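Numbering (the UniProt record's numbering), first residue to last: 1 to 166.
Each remark here refers to the structure printed beneath this line.
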């Protein structure tokens, strides 16, 4: 596995596991779908969006998994068990674990196979974008959970020691 793919996999594993812990810290299934005034997306929506995004771009586009994304459903869902949301996060990780090890340096340097927002950045750079996109929404979900549940516990997101895991 290339060094970049290996590093990306460490980050994806860390942050998807943290998102799964974040989902589990909600006091119940209903709380996962609540928002605050001025906040459009629940933590449940953010988790589904991250999972769908990764399963589509890494799984289907790069890995040919055949996953069919329903972006409207990611943001439109308003209820469901935390276990289903966690399963989607695990499925995204499984796609990444299947795809990233097979990417060569040449594949990472090549333009991403499909245009996104009208551009095709290098595949490695787009994967870095997907990792930061995941971290951005993970932070939003954690902040929202603490605000909604009046719960200051940490899900252990962004743990530096986990960067040493392979």
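Virtual Cβ for every residue (Gly too), placed ideally from N, Cα, C.
Predicted model, so just to flag it, every value in this text is computed and none were measured.
Local conformation of residue i per DSSP, three classes
i           : result
residue 122 : strand
residue 76  : helix
residue 37  : coil
residue 155 : coil
residue 145 : helix
residue 165 : coil
residue 65  : coil
Run of the alpha helix (DSSP H) containing residue i, from where it starts to where it stops
i           : result
residue 83  : 82-99
residue 13  : 3-25
residue 49  : 43-54
residue 108 : 105-109
Bridge partner(s) assigned by DSSP for residue i
i           : result
residue 116 : 119
Cβ-based neighbour list, residue i, same chain, cut-off 8 Å, excluding 5 preceding and 5 following
i           : result
residue 9   : 1, 96, 97, 100 and 101
residue 121 : 111, 112 and 129
residue 151 : 25, 27 and 145
residue 36  : 144, 147 and 148
Proximity test, Cβ basis, 7 Å: residue i and chain B
i          : result
residue 34 : No chain B appears in the structure shown, which is made up of a single protein chain.
Contact set for residue i: own chain, Cβ-Cβ below 6 Å, skip 5 residues either direction
i           : result
residue 169 : For the chain, the structure presents residues 1 to 166; residue 169 sits outside this window and is missing.
residue 74  : 48, 49 and 52
residue 141 : 22, 43 and 46
residue 86  : 20 and 23
Contact set for residue i: own chain, Cβ-Cβ below 7 Å, skip 5 residues either direction
i          : result
residue 33 : 42, 44, 78 and 79
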